[in-house]
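Using mature numbering (1 follows the signal peptide of the UniProt record, and there is no 0), the letters of the sequence shown correspond one by one to residues -24 to -1, 1 to 511.
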Amino acid sequence: MTKFGFNMFFLTIALGAFITLVGAQSDTNGSTNHVVDLGYAKYSGSLNDSFPNIVNYYGIRYAVPPLGDLRWREPMDIESHGGYDPSAVMDATTRGPICVQGIPYWRQTSNARGSEDCLLLDVLVPKTPANNYLPVLVQIHGGGYDQGHSQSNPGYMMVNQSQNGMIYVSIQYRLATFGFLSSVEIRENGAANAGLLDQRAALGWIQRNIRAFGGDPGKVTIIGGSAGGGSVMDQMILYGGVSNPPFRAAISEYPWWQSYKNGTTLEAQYRQMLTATNCHDLSCIRSQSTETLINAMQSTLEVGFNEGWYGWGDFYYGPSVDGNVIRDLPSNEFKQGHFTKVPVIVNRDAYEGYNYSPKNVTTEEGMTADLQTIFPYAKQSFFNRLYQLYPASDFNSTLFRRARLYGDYIIDCPTYYFATATSDWGLPTWKLIFNAGTQLHGADGPFLWGPEENINNVTLANIMKDYYLGFVLHLDPNSVSNSGTPKPQWPQYSPAGATGFTIMDVNYTMMGAIPDMDANARCDFWHSQSYVVRN
């Protein structure tokens, strides 16, 4: 197939023609205030220091703080329950607190931090918008459903390249124990998958309020990477896939299909929280201080790992099947067509599993023991076939072998299942494999979001942003060339009459259309093992 080549080059500054460091500037009326009236409240934003053509609105609440008895319940909208003075102007010039961060024990990094009063979102608006009905890109951050915040993927570079043609919103949602504790008692006296419901509530707020910023609620695209990409897919299967979703398109980047824990594991998580808080029921847990709950959460992450409830590369907490919000495993929902029907982009990076594989496992026996924790219901026949498909002779080390199979399981193959499911329903679908930058999980991030010093090829960064802008603005990644950088045609994954699955391949020196390398026996094997791997 025809390839599109370009010279790879390194620059010490990125997008220098567009970036200037300035202080606060007055707008055309001489005012430094940028006030938006939402009806129930007013918010004052400020010009961005590095992109003075963008107005920032930080830390806007979209739901009531989920404290006390509101913990592990569906979020309450802020308009009806916030009690704001409609005439008061609230400051939105500084970033709000991030949600409490959980840290899986295998990472053994710094202590957890964050606030429960974190159901906030940030809005970036062009100072001089191209029109009064701008498309909106909504970022759902990643981080294993345990970590991340609204600034994980700052949207300034994307808004800047949109030439005043797009609004960017980034949201926060409850994480780890606070967002994904899903025992029977919580399902009976609260809400499972509270983090996903937070995301949905933020999308509802955008539908009701984005017009005040000059956005079009009918032109919302959701985007997310890693657990954010998994969240995008979860939003598509929420409630079995609704026909009138609060978005018209979806971009799922390197979607993290972490194992959905079964009832036994969900109850173990809940019991571990009871033990760590010296409680006997949900009412008691809800009455605890934030500090007590944070310490208890970290205790469960340590106990869960040491007792074998989760393993290396797993974040323990995450979405689960509750019969209402999530009605079945994503693999089954997409296979059966139980998802919201919208145009989609999906991508992945070249080496997704490396960062999530233990570096001290050097033998097949050790790898089997490691994987048995990840796949507790796997029998010997599972491992026999697995090692036939991933023979040791294909890899330089046990680490790279484990990294490849884990990357296939948790991200690579899900992009194939997702793209085939959406294209089978006749939905415009585009898939990309990003084999540049670090090539590791999240490698395309700097090319879309920055920071600028992490971009080693401005040409590729311009192309990537133009592709995504084309999709956000016109539902076609080929429709925009705001940067003026030539780029190859990105074909749909499986348009009518196509004989194969075509993707865009991006590597160090070339980019162009090739057959989907994930359409293979390995991914077919993983798909057939859902009863083992989706525990």
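Even glycine gets a Cβ: it sits at the ideal position worked out from N, Cα and C.
In this text, all values refer to a predicted model and were calculated from it rather than measured experimentally.
Please state the DSSP three-state secondary structure of serine 20. strand
Other residues of its chain near isoleucine 321: CB distance less than 6 Å, five sequence neighbours each side excluded: Ile227, Trp406, Phe447
Could you compute how far the alpha carbon of alanine -1 sits from the alpha carbon of valine 101? Confidence is the limiting factor: at alanine -1 the pLDDT is only 34, short of 50, which leaves the residue's position unreliable, though a coordinate-based value still follows. Cα to Cα, alanine -1 sits roughly 16 Å from valine 101.
Given 8 Å, three or more beta-carbon pairs between the segment 332 to 343 and the segment 370 to 377: yes
Coil, strand or helix - threonine 398 by DSSP: helix
I think tyrosine 293 touches glutamine 245, with their Cβ atoms under 8 Å apart; what is that distance to the nearest whole Å? 7 Å
How would you label leucine 43, buried or exposed, when you count the other beta carbons within 10 angstroms and need 16 or more for buried? exposed
Alpha-carbon spacing of asparagine 300 relative to aspartate 442, whole angstroms: 38 Å
My assumption, with CB atoms under 8 Å, is that arginine 176 sits in contact with cysteine 75. Please give the rounded CB distance. That belief does not hold up - the Cβ atoms of arginine 176 and cysteine 75 are roughly 16 Å apart, past 8 Å.
Of all the alpha helix (DSSP H) runs that stay within the bounds of the segment 178 to 248, which reach a length of 4 or more residues? 203 to 213
Endpoints, the beta strand (DSSP E) within which methionine 486 is located: 486 to 491
Do you know offhand how far glycine 200's Cα is from cysteine 389's? 17 Å
Since glycine 35 is in the beta strand (DSSP E), which residue starts that stretch and which ends it? 30 to 37
So, using beta-carbon positions, are lysine 103 and leucine 23 closer together than 9 Å? yes
Quick check: is the beta carbon of proline 404 nearer than 9 Å to any beta carbon in chain D? Structure shown: chain D not included; a single protein chain is present.
Alpha carbon to alpha carbon, how far is tryptophan 502 from tyrosine 34? Give it in angstroms, no decimals. 42 Å
Going by CA-CA distance only, name the one from Gly476, Asn438, Leu449, Trp466 that's closest to threonine 396. Gly476
Using only the alpha-carbon positions, how far apart do residue 520 and asparagine 496 sit? Residue 520 cannot be examined here, being either before or after the span of the chain that is shown, -24 to 511.
Using a 10 Å radius around the Cβ and a threshold of 16 neighbouring Cβ atoms, would you call serine 265 buried or exposed? exposed
Work out the CA separation of valine 208 and glycine 421 for me, nearest whole Å. 16 Å
Where does leucine -4 fall in DSSP's three states? Because the pLDDT of leucine -4 is 24, which lies under 50, any placement of that residue in the model is unreliable, and the number read from its coordinates should be weighed accordingly. It is coil, neither helix nor strand.
Applying the 10 Å Cβ sphere with the 16-neighbour rule, what's the burial state of aspartate 481? buried
How long is the line joining the alpha carbons of glycine 21 and glutamine 127, rounded to whole angstroms? 16 Å
Could you give the DSSP three-state label for tyrosine 144: helix, strand or coil? strand
Between alanine 39 and proline 51, which are expected to be in contact by the criterion C-beta below 8 Å, what is the C-beta distance as a whole number of angstroms? 4 Å
What is the residue span of the alpha helix (DSSP H) that valine 279 lies within? 266 to 282
Cβ neighbours of alanine 419 in the same chain (closer than 6 Å, five flanking residues each side left out): Asp325, Phe410, Gly413
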